[in-house]
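**Q** Here you go, one structure.
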Amino acid sequence: MWEISAGMFMGWSLGSNDSANIFGTGVGAKIIRYRTAVLLISFFVMVGALLEGEKCFGTVGELSALDHRMAFFTMLAAALVVSFFTFSGIPVSTSQAVIGAILGAGIHSGATVDMTKLYKIVLCWVLTPIGGTCISFSLYHLLGRLIDRFLKNAVLRDTFIRWGLILAGCFGAYALGSNNVANVTGVYVGAGVLNPFFGALIGGLSIALGVLTYSRKVMETVGKKIVALDGYSAFIAELSAATVVQIFTQVGVPVSTSQAIVGTVAGVGMVKGIRSVSYRSLIEIVLGWISTPLSGGILCYLLLLLFY
Amino acid sequence: MGLFKKGKEQEVVKMMIDLLKKVQECIEETQRTVTHYLRGEIEDAKASALMTDHIETETDHLRRAIVDALYKGAFLPIFRVEIHSFVEKMDLIADNAEICCDFFLGQRPEIPEPFKERFLKVMDDTIPMSRCLKEATENFFTKGDHDFIKKSMEQIGVAESAIDDDEWKLTRDIFTSDLPLSEKIHLKQCLERLTSISDQIEDTSDWLEVLLMSTKV
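Just so you know, the protein sequences line up as chains W and C, in that order.
Take 1418 as the starting number for the first sequence in this note's numbering and just add one per residue.
Take 470 as the starting number for the second sequence in this note's numbering and just add one per residue.
Below, the structure is given as structure tokens:
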């Protein structure tokens, strides 16, 4: 069972970083207290992981056949890549790091990689920000018309958007748990170290632990960046990001919540005719599709070469 | 575990309405001050000016309390900043009213008899403007009837234009009169003090339009 320690480290790191995508806006704007936010995220991450986490285990666990020790080195490589990129201030996707590391392990062991699954995964990565943009663009218009028609009172409207932000945040946490738990324990479920239930439970707990213990700084930093959006736009961006991640949970592919939110913020910007996302963010996403799995793959290959 | 600090928005709206009432009272008291002064009832004018000063102090307290509540989390951030600017502008109306009273009682301008009624008219025409602003703002925060608010803002704009027109004509008549130049300049300053109140009401009404626009998706 010691092999799951690397996965738990990954889960802790994921929780501490990705919670900012969920309630960064709310905490930065003092809509919700930090303590309440992390408790809500932890709870809904656990619910998402336990109810729907199994849906993505298949994709991660069955991409390549790994034994117990290989699973450990795969997760260690992915966790080290994520930590290094985060420490260097470069946005990183845990999903892409894990998939890259699995491919590295597959190449090392000479095992065949299920290319159909791989194509599906890459397609979903590309579709995450694009889908986010389309959903937020449409939702902005649709919900906006209803609000303009039925919520004219300034106080009522403000209250609706506040509650909307909170509920969208809870939905986002649920989607994070259901989609990203496979990044934490999917490899172990595939290698037979854990059964799907314990995979979801331990994965969810690791993410929740990261949220509860080490998310404050990132949440406050990200919160201040996104607060530049008006309340309604932030609500639409959050809701759309949660929706797109949840859609990919149904497809069974873990995707990047950070890239989903960049896509949804871009969609809101398109409605208003402004460039809400810098070219740098877009370039970082495209480079991330290549550099993150590549780094994970190379590091995993080297670790297995040295220690396996 | 409270998700939100209880009813902060309602608390701010209540204080905003109180502030509007105080601003309205302040302008009405200023009107009394000017009326007493022009009738030569200096002691009554002093009492009214003192009352204006008290009301203005109360508006300052309310403004601080509103700003405090806003930055403790009432309303969403961008809207919060806009409401803050609006409250500052409302408070400036009361400030201008107080300065106007100070001008009359501190500098005691000599208003010639033919101009007295016209000076009073400027002040009288300012009262409906502030009433209009109060009703529009109350409606914005409680009912959100956009048509009513827009109509009220239009009325304020029309009234302010009329006051500007009166000011221009009165200025012309002052400077074409036989009064010494120093008195002409003093009267002009006095007139500017009076019209500064209506100017500020219009400025605040313009900001209400910004609030109205910002709530639209």
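We put the beta carbon where it would ideally sit given N, CA and C, even for glycine.
1. Of all the options W:E1469, W:A1651 and W:I1564, which has the alpha carbon lying nearest to the alpha carbon of W:F1665?
2. Just the chain C side, please: which residues come within less than 8 Å of W:K1689 by C-beta, in chain order?
3. Would you mind telling me which residues of chain C sit closer than 9 Å to W:G1603, beta carbon to beta carbon, in chain order?
4. If the cut is a Cβ gap below 7 Å, which residues of chain W does C:F544 touch?
5. Alpha carbon to alpha carbon, how far is W:I1439 from W:I1678?
6. For W:Y1591, count neighbouring C-beta atoms within 10 Å of its own C-beta (all shown protein chains included) and say buried if the count is 16 or more, exposed if not.
7. Quick one: is C:H615 near chain W, going by C-beta distance under 9 Å?
8. Is there contact between the segment 1529-1542 of chain W and the segment 1623-1634 of chain W, where contact requires at least three CB pairs shorter than 8 Å?
9. Determine the chain C residues that contact W:Y1649 at a beta-carbon separation under 7 Å, and present them in chain order.
10. Can you give, in chain order, each stretch of the alpha helix (DSSP H) that sits fully within the segment 1502-1588 of chain W and has at least 4 residues?
11. Identify each residue in the segment 1584-1612 of chain W for which the Cβ-Cβ distance to at least one residue of chain C is less than 7 Å, and report them in chain order.
12. Quick one: measure Cβ to Cβ for C:I666 and C:A566, integer angstroms, because I've assumed they're closer than 8 Å.
13. Give the secondary structure of C:A566 by DSSP, where H, G and I count as helix, E and B as strand, and everything else as coil.
14. Strictly below 8 Å CB to CB, what residues from chain C border W:V1572?
15. Take W:L1720 as the anchor and find which of W:A1625, W:S1526, W:R1562 and W:R1566 has the nearest alpha-carbon.
16. Mind checking W:K1517: buried by the 16 CB within 10 Å criterion, or exposed?
17. Excluding the five sequence neighbours on either side, which residues of its own chain have a C-beta within less than 6 Å of the C-beta of W:A1514, listed in chain order?
18. What is the DSSP secondary structure of C:T684, reduced to helix, strand or coil?
19. Which class does W:W1429 belong to by DSSP, given the choice of helix, strand or coil?
20. Alpha carbons only, please: which of W:G1549, W:A1617, W:G1475 and W:K1447 is nearest the one belonging to W:L1656?
21. Do you know offhand how far C:K474's Cα is from W:L1582's?
22. Where do the ends of the alpha helix (DSSP H) carrying C:M484 lie?
23. Nearest-angstrom Cα distance between C:E623 and W:A1659?
24. Does DSSP put C:G471 in a helix, a strand or coil?
25. When you compare each of W:G1443, W:S1430 and W:L1573 to W:F1504 by their alpha carbons, which one comes out closest?
26. Please confirm whether W:L1629 and W:G1432 have their CB atoms less than 9 Å apart.
27. Output, in chain order, the set of chain C residues within a Cβ distance shorter than 7 Å of W:K1447.
28. Identify, in the order they occur along the chain, each residue of the same chain with its Cβ nearer than 7 Å to the Cβ of W:L1467, setting aside the five sequence neighbours on each side.
29. W:D1647 by DSSP, collapsed to three states: which one?
30. Below 8 Å, how does it come out for the segment 1584-1600 of chain W and the segment 1697-1707 of chain W: are there three or more Cβ pairs, yes or no?
31. For a quick check, are the C-beta atoms of W:V1662 and W:K1537 less than 9 Å apart?
32. Could you give the distance in angstroms between the alpha-carbon of C:I670 and the alpha-carbon of C:F644?
33. Could you check whether the Cβ of W:Y1557 sits closer than 9 Å to any Cβ belonging to chain C?
34. Could you run through the segment 1484-1496 of chain W and flag, in chain order, every residue whose CB is less than 9 Å away from some CB of chain C?
35. Is there a C-beta anywhere in chain W that falls below 9 Å from the one on C:S674?
36. Cβ atoms of W:F1426 and W:A1625: under 9 Å apart, would you say?
**A** Once the coordinates are examined:
1. W:E1469
2. Chain C residues near W:K1689: none, gap ~10 Å exceeds 8 Å.
3. Residues of chain C passing the Cβ test: none, with the nearest at roughly 33 Å.
4. D1575
5. 9 Å
6. buried
7. yes
8. no
9. V686
10. 1511-1526 and 1532-1567
11. Residues: none.
12. 6 Å
13. Helix, per DSSP.
14. Listed along the chain, the chain C residues whose CB falls inside 8 Å of the CB of W:V1572 are E478, Q479, V482, F610 and T611.
15. W:S1526
16. Reading the sequence as shown, one finds Gly at residue 1517 of chain W and not Lys. Classification for W:G1517: buried.
17. A1495, V1498, V1499, T1709 and G1713
18. coil
19. helix
20. W:G1549
21. Any reading at C:K474 must be qualified, since the residue scores a pLDDT of 46, below 50, and its modelled position is unreliable; no value is offered.
22. Per DSSP, the unbroken alpha helix (DSSP H) holding C:M484 starts and ends at K477 to L507.
23. 43 Å
24. No answer about C:G471 holds up, because its pLDDT of 43 lies below 50 and its placement is not dependable.
25. W:S1430
26. In contact: W:L1629 and W:G1432 (Cβ atoms closer than 9 Å).
27. Going along chain C in sequence order, the residues near W:K1447 (Cβ under 7 Å) are G542.
28. A1617, L1618 and G1621
29. coil
30. no
31. no
32. 27 Å
33. yes
34. none
35. no
36. No Cβ-Cβ contact shorter than 9 Å links W:A1625 with W:F1426.
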